[in-house]
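One structure is given here, and the rest of the page talks about it.
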Amino acid sequence: MSQDAILLEVRGLSVTFPGRLGPVQAATNVSFDLRSGEILGIVGESGSGKSVTVRAILRLVPPPGRIASGEVLFDGRDLLSLNAKEMIRVRGCQIGMVFQNALNALNPVRTIGDQLVEVLRVKRQASASEATESAIELLHQVGISPPRQRMKSYPHHLSGGMRQRVMIALAIAGRPLIMIGDEPTTALDVTVQLQILTLLARLQRELKMSIILVSHDLDVVQEVCDRLVVMYAGHILECGATEEVLSHPRHPYTEALLRSVPKISESAGRGRFQTIGGQPPELDQLPPGCPFQPRCRYARNICDEAPMTLDRPISRHGTACVVEWSGNAG
Amino acid sequence: MRESKAKSTLAIATTFSMIVLGASLLQPYLPSIPPDQQDLTSVLQAPSWSHPFGTDNLGRDLLSRTVAAARLDLGVALSVTLISMALGVLLGAVAGLFGNPMEAVIMRVVDAVLAFPFLIFIITVIAIVGTGLKGVLIGVPLNGWALYARVTRGEMLRVREQEYILAARTLGYSRLRIIMRHALPNAWRPAIVLSMADVVMNILLLASLSYLGLGVQPPAAEWGSIIADGQQYLLQAWWFSTLPGLVLVAVGAAFCIMGDAVADLLGEDPRVVA
Amino acid sequence: MPVDQDEILALKGLVKTYRLGGGFFGRNARSAARVVALDGVSLQVHECESMGIVGESGSGKSTIARTIVRLIEPDEGTVEFRGRDLFSLSTHDAKVTTRRIQMIYQDPYSSLNPLLSVGSAIVEPARVHGFVDRRGADEEARRLLDRVHLPARAAEKRPRELSGGQRQRVSIARALAARPEVLIADEAVSALDVSIQAEILNLFADIKEELALTLIFIAHQLSVVANVAERVAVMYLGRIVEIGPTQEMFFRSAHPYTLGLLDAQPGRHRKDRTQEPALTGEVPSAVDIPSGCRFRTRCAFAEPICEAVDPPPVLVSQEHYSWCHVLPRKGTVDSRQDIASSEPSSIRLESQESWLA
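Residue numbers (the numbering used here), protein chains in the order written: chain S, 1 to 330; chain X, 331 to 604; chain G, 605 to 961.
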């Protein structure tokens with residue numbers, strides 16, 4: 001997937017929230033690309049800004065947060081400059097979104113059939129009968145069977161995995177070019193999680209969609225993502241092909257994170273985990289330059305002045321680290 | 331901009347309430363015209379320097395009477411609210427924590443009490459017990475506890491599922507300790523918010539009952555009865571009903587504003603936003 | 605199975621069902637449906653061991669935890685702590701005994717009373733049980749905070765000022781104040797960030813050593829349990845389906861569900877992403893448990909006997925039992941090659957190397 005067209009370009013996105021002592025940056029100067037036909041993973045822990053970033057793409061940042069600066073270029077336009085009506089047309093038809101907890105995202109007092117038909121009528125301008133047939137087709141596509149009978153079910157009749165499938169069906173109903181999944185598998189059982197990830201991969205192929213997958217779980221992104229973006233305290237620290245980033249991390253945070261993930265291995269049951277040390281970042285008390293400094297074993301004085309941009313073009317394996325440590329030979 | 335306006339409104343409301351409260355409490359100790367002192371030579375005088383609110387039909391200084399009435403109205407309203415709240419919160423907490431059968435019994439009584447038309451209830455109580463404060467002091471809590479119980483039980487249902495309550499049980503704390511130290515303090519927030527609105531309702535209730543002649547009897551100074559007395563003189567001596575009436579409205583509004591602020595304050599989510 | 609000398613906790617034949625009222629389920633003429641949470645669970649835990657219990661939703665793992673600490677009373681069966689049945693003790697004795705079994709809960713945001721300072725909260729158990737009086741409280745709070753690697757000044761903070769990981773440490777400190785002998789971690793790290801999980805798991809390992817505790821670890825993620833537990837029990841729909849030493853379980857597992865769980869662990873980049881996961885479908889409703897072997901509806905190895913007969917435990921190797929008619933018969937490591945060649949197309953058993961990090 002080398003020279004595919006770039007579908008979405010995020011440039012210098014910054015999102016702020018009001019804090020006790022002034023505005024707090026939840027995302028700072030975030031830039032990345034999404035290429036056509038790829039699955040991009042955005043990985044980070046709490047406070048990394050990953051959720052806020054993808055919500056900003058669809059202008060869904062919850063108030064009092066606001067997008068402070070940046071551009072989101074899609075289809076020749078900057079999404080951040082569109083008015084509300086135009087934005088509504090983008091949502092669902094061009095960019096769809098799947099959230100973490102389907103039980104909260106689905107309307108509990110309407111059948112899933114109704115909810116699907118509604119989306120189809122609005123987004124695809126289908127008639128009632130067309131919409132019903134399309135809805136059944138969608139349910140089939142996401143692996144819910146028997147689809148026709150399930151149209152009459154209410155969300156609470158369905159298991160967690162099935163609800164998530166319905167969410168996905170709703171998201172692809174408008175046949176979007178891009179789908180954003182904000183921790184779509186976090187609340188699910190392990191076996192169901194894998195089914196959903198496989199479904200996403202299959203849909204991506206069949207519908208020729210691109211996917212942005214946000215997750216805190218390195219294993220999940222390793223499973224389905226082509227490229228990865230690693231975020232910490234609102235900044236992008238590293239970006240590159242999944243295999244590359246996970247096997248040869250160029251940023252100390254990525255390296256430390258990889259080491260602390262529990263794995264099933266021969267040394268299981270005997271070992272202790274390697275931890276990152278220090279405390280998670282407080283967004284209103286970040287040091288200048290690189291936010292990972294306080295916990296980084298390679299930190300130097302120059303980190304204070306790190307520009308926090310990737311050192312290589314976004315299409316390559318880049319890091320924001322300015323120190324030459326063993327993983328970052330320059 | 332909006333925030334500072336809200337803040338200054340709250341400041342005004344609180345200051346005003348403090349002034350009224352303070353004045354009413356200090357009045358007996360300050361040199362001023364006693365509220366009951368009649369002066370039949372200066373009946374129905376318009377507001378002036380010596381009588382800022384004017385005088386009533388018996389020559390009594392209306393400002394003085396209004397301030398004295400504050401003692402009564404606020405005092406009774408606050409007491410009655412506190413009694414209702416204490417009863418209701420306790421019963422609601424018990425219902426929420428201990429479940430059936432106690433919960434069922436308590437909540438059905440709550441339903442019955444709330445379904446009964448309040449005004450008829452209170453008038454009935456007054457008919458039985460007699461007019462004057464007795465009626466209000468007995469009647470209002472007898473009815474008022476129900477809403478507190480319902481609201482507290484609802485919150486308690488949420489609180490008892492919190493893991494710190496489960497932890498308290500696993501750690502071996504006594505039931506009493508769990509209720510008093512862990513459950514109740516976390517469940518009475520809605521009750522407190524309710525009480526702020528309740529105080530205002532009770533002030534108005536007392537004033538209304540006295541206006542109807544069912545509350546305190548003359549010559550006791552009470553906002554409602556003052557307004558009632560002044561009604562017939564509305565055209566000649568507008569200040570008689572109007573000025574005390576305005577004070578009543580202002581105090582009510584002030585409590586409402588303060589109540590909203592308390593609700594906002596208490597409504598803060600104790601979670602840290604990650 | 606013979607009674608162990610150093611057996612500290614024994615669960616015998618635990619059964620717990622819940623009746624479902626009207627609402628979504630009980631609409632037919634028959635009596636209201638029953639949800640089976642535990643369907644005959646027996647387990648022995650040895651003193652000072654680290655035991656892991658793994659399962660997905662509906663497996664009953666949390667019900668077990670809550671039954672052990674007496675939050676839930678079983679319909680049948682006993683829970684014995686050092687030989688004494690916890691549910692047949694007098695209220696007083698029960699209280700004194702259950703203090704010695706403590707639990708750390710899952711949600712760091714609801715496991716601490718938001719109105720209490722950290723210091724008050726963690727010292728309370730010590731005060732309640734008389735280990736410390738008012739004068740010794742401060743010292744005890746410092747001691748406990750130190751034990752969980754929190755600074756002494758944390759004592760004045762309120763829970764809302766702490767991060768998820770710090771709150772779990774406070775919960776652990778509070779549990780330790782009761783001087784327990786058994787510590788149950790009910791998904792205690794599931795709600796935490798990955799790097800913080802590692803810290804808390806290390807903490808558990810530390811205090812287990814320092815205080816000679818018995819640890820019962822309940823999780824839905826195999827990888828977490830794999831690193832902290834010496835023995836693992838895998839649960840499915842209210843029963844234990846496989847139990848054994850950790851290494852055994854993960855490299856020579858003898859139950860299709862365990863294999864399915866292992867296969868479902870994400871993190872081995874499936875390059876083509878065309879293969880469907882081995883375990884299809886979802887856990888059946890606990891209201892309607894399949895006859896015979898409850899796992900048969902999702903099992904690639906199911907045979908006719910699986911529908912008819914509930915599988916008895918089969919001894920696979922030392923201390924390793926599996927409740928399955930089919931897989932244990934096929935042997936362990938060596939025979940896995942046979943299984944791989946004769947398998948139905950929906951299960952892919954990968955070679956041992958792929959499990960290595």
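In this text, a Cβ means the ideal position worked out from N, Cα and C, and glycines have one as well.
{"Item": "Is the number of C-beta pairs between the segment 425-443 of chain X and the segment 402-412 of chain X that are closer than 8 Å three or more?", "Value": "no"}
{"Item": "Please classify Glu485(X) as buried or exposed, where buried requires at least 16 neighbouring CB atoms within 10 angstroms.", "Value": "buried"}
{"Item": "Measure the CB-CB distance between Thr671(G) and Lys620(G) and report whether it falls below 8 Å.", "Value": "yes"}
{"Item": "Give a yes or no on whether 8 Å exceeds the smallest Cβ distance from His216(S) to chain G.", "Value": "yes"}
{"Item": "So is Ala830(G) in contact with chain S if we call contact Cβ pairs under 8 Å?", "Value": "yes"}
{"Item": "Going by DSSP, what residues sit across from Lys620(G) in a beta bridge?", "Value": "Leu642(G)"}
{"Item": "I want to see whether chain G comes within less than 8 Å of Leu197(S), judged by CB atoms only; does it?", "Value": "yes"}
{"Item": "For the alpha helix (DSSP H) that contains Ala789(G), what are its first and last residues?", "Value": "Element bounds for Ala789(G): not the alpha helix (DSSP H) but the beta strand (DSSP E), Val786 to Asp790."}
{"Item": "From Gly659(G) to Ser921(G), what does the alpha carbon distance come to, in whole angstroms?", "Value": "22 Å"}
{"Item": "Spell out the partners DSSP gives Met231(S) in its beta bridges.", "Value": "Ile236(S)"}
{"Item": "What are the residues of the segment 488-506 of chain X that lie near chain G, defined by any Cβ-Cβ distance shorter than 7 Å?", "Value": "Gln492, Glu493, Tyr494, Leu496, Ala497, Arg499, Thr500, Leu501, Gly502 and Tyr503"}
{"Item": "Under 8 Å, do Arg688(G) and Thr667(G) count as touching if we go by C-beta distance?", "Value": "no"}
{"Item": "Tell me the DSSP secondary structure of Ala320(S) in three-state form.", "Value": "coil"}
{"Item": "Enumerated in chain order, which unbroken segments of the alpha helix (DSSP H) with a length of 4 residues or greater are wholly contained in the segment 501-584 of chain X?", "Value": "514-517, 519-541 and 553-561"}
{"Item": "Look at the alpha carbon of Tyr622(G) and the alpha carbon of Leu642(G), and state the distance between them as a whole number of angstroms.", "Value": "10 Å"}
{"Item": "Shortest alpha-carbon distance to Ile657(G) belongs to which of Gly769(G), Leu624(G), Asp697(G) and Ala792(G)?", "Value": "Ala792(G)"}
{"Item": "Suppose the cutoff is 8 Å on Cβ atoms and the five residues either side in sequence are ignored; what does the same chain contact list for Leu487(X) look like?", "Value": "Gly426"}
{"Item": "Could you round the C-beta distance between Met231(S) and Gly44(S) to whole angstroms and report it? I think they count as a contact, below 8 Å.", "Value": "4 Å"}
{"Item": "Taking all protein chains shown into account, decide if Pro184(S) is buried (16 or more other Cβ within 10 angstroms of its Cβ) or exposed.", "Value": "buried"}
{"Item": "Taking the DSSP output, what are the residues bridged to Pro23(S)?", "Value": "Pro18(S)"}
{"Item": "Could you work out which residues of chain G lie near Pro515(X), taking near to mean beta carbons separated by less than 7 Å?", "Value": "Leu719"}
{"Item": "How should Asn104(S) be labelled, buried or exposed, when 16 other C-beta atoms within 10 angstroms of its C-beta is the threshold for buried?", "Value": "exposed"}
{"Item": "Assuming contact is defined by CB atoms lying nearer than 8 Å, are Leu869(G) and Ser926(G) in contact in what I supplied?", "Value": "Looking at the sequence shown, residue 869(G) is not Leu but Gln. No."}
{"Item": "Look up Gly925(G) in the DSSP assignment and say whether it is helix, strand or coil.", "Value": "According to the sequence provided, residue 925(G) is Tyr. The question's Gly does not apply to it. It is a strand residue."}
{"Item": "Examine chain G for any beta-carbon lying closer than 8 Å to the beta-carbon of Arg110(S), and answer yes or no.", "Value": "no"}
{"Item": "Nearest-angstrom Cα distance between Thr936(G) and Gly681(G)?", "Value": "Low confidence applies here, because Thr936(G) scores a pLDDT of 47, under 50, leaving its location unreliable; read the following figure in that light. Between Thr936(G) and Gly681(G), the C-alpha separation is close to 33 Å."}
{"Item": "Are the CB atoms of Arg674(G) and Val786(G) nearer to each other than 8 Å?", "Value": "no"}
{"Item": "Going along the chain, which residues of its own chain have a beta-carbon closer than 7 Å to the beta-carbon of Glu954(G), five neighbours each way excluded?", "Value": "In this predicted model, Glu954(G) has a pLDDT of only 33, less than 50, meaning its place in the structure is not dependable; the value taken from the coordinates is given anyway. Result list for Glu954(G): empty, nothing under 7 Å."}
{"Item": "Hey, Met588(X) and Thr344(X) are a contact pair by Cβ (cut 8 Å); roughly how many whole angstroms apart?", "Value": "6 Å"}
{"Item": "Between which residues of its own chain and Val72(S) is the CB-CB distance below 8 Å, once the five residues before and five after are set aside?", "Value": "Leu8, Glu9, Val10, Arg11, Leu13, Ala56, Ile57, Asp78, Leu79 and Leu80"}
{"Item": "Can you pull out the residues from the segment 908-935 of chain G whose beta carbon lies closer than 7 Å to at least one beta carbon of chain X?", "Value": "none"}
{"Item": "Leaving aside the five residues before and after Thr901(G) along the sequence, list all residues of the same chain whose C-beta is less than 8 Å from its C-beta, in chain order.", "Value": "Gly885, Pro888 and Pro894"}
{"Item": "Counting contacts by CB-CB distance shorter than 8 Å, is Leu613(G) in contact with chain X?", "Value": "no"}
{"Item": "Could you tell me the alpha carbon to alpha carbon distance between Leu534(X) and Gln492(X), rounded to whole angstroms?", "Value": "38 Å"}
{"Item": "Short check: CB of Thr818(G) to CB of Glu923(G), under 8 Å?", "Value": "no"}
{"Item": "Ser692(G) to Met839(G), Cα distance in whole Å?", "Value": "26 Å"}
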